[in-house]
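In short: position in the sequence shown from 1, add 97, done, that's our numbering.
Notes follow once the structure below has been shown.
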Amino acid sequence: MNKSDVNLIQKFRRDLFRFNDPTVTWGEDERYQQYLAWARATITFAVLLVLGGILAWSYVQLRQDPYQQFLQRCHQQGNDDTTCSSHWERIRS
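So this is what it looks like as structure tokens:
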């Protein structure tokens, strides 16, 4: 890799998150601008995907029945169905 390639990669890394600067792509060729646009779109999509996953997981956790949550925790502690049911009955009464 020659020095100009290294400089171009460093410039690309700097320019990647400078969204509001209109001078970022001045003087650069069309290919550089396309790579920058694709990289930004990929990063944006990945962030949205992670946020969507967090929201979906939160929704599922909030919608889960309290008894089902209790059973899940009870089974994780190594108890069987009968023990978990009797614990639940004691808690509810």
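C-beta: ideal position from N, C-alpha, C; glycine also.
Spatially closest choice to residue i from the options, by CA coordinates
i           : options               : result
residue 124 : 145, 114 and 108      : 108
residue 164 : 152, 188, 174 and 141 : 188
Classification of residue i by the beta-carbon crowding that lies within 10 angstroms, buried from 16 upward
i           : result
residue 112 : buried
Own chain residues within Cβ distance below 8 Å of residue i, not counting five before or after
i           : result
residue 130 : 122
residue 180 : 171
Short Cβ contact (8 Å threshold) for residue i with residue j
i           : j           : result
residue 167 : residue 154 : no
Nonlocal neighbours in the same chain, by C-beta distance under 7 Å from residue i, ignoring five residues either side
i           : result
residue 150 : none
residue 115 : 121
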